[in-house]
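Visitor: Input: one structure, supplied below.
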């Protein structure tokens, strides 16, 4: 239960716009009021090799919490693309031992979209493959 994550709340429009220009799949940041950069702390030594799972769970939990609050949210991947990691470190003054992992863009949705059913029973295996 080491919780090796750090969160950078980004609500300055100029920063959101700069990040949208750095990341090819982050164009929506130009129109969102806030985003959360989820980062993994490499100095969290107890479960060092599990920071990716921990930051993934934190990112997913943010998506679920945002949905519960009536917000729209999108997970934008950063890790393991080294170029994006370095650009975000420089832009946001993130220390070298902290790795940008994901960006969660949040805001009130401009439109309602129905969910897609993506259930595929061929991916479910009972006891054995």
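In the working numbering, the protein residues as written are 7 to 135. Even glycine gets a Cβ: it sits at the ideal position worked out from N, Cα and C. None of these values were measured; they are calculated from a predicted model.
Which runs of the alpha helix (DSSP H) spanning at least 4 residues fall entirely within the stretch 19 to 77, listed in chain order?
Guide: As far as the stretch 19 to 77 is concerned, its whole alpha helix (DSSP H) runs of at least 4 residues are 19 to 28, 57 to 74.
Visitor: Grab the span of the alpha helix (DSSP H) containing residue 91 for me, first residue to last.
Guide: 88 to 98
Visitor: Between the alpha carbons of residue 43 and residue 128, how many angstroms are there, rounded?
Guide: 35 Å
Visitor: What separation, rounded to the nearest whole angstrom, lies between the Cα atoms of residue 31 and residue 93?
Guide: Roughly 15 Å between the two C-alpha positions.
Visitor: Along the beta strand (DSSP E) that carries residue 14, what are the first and last residues, could you check?
Guide: 11 to 16
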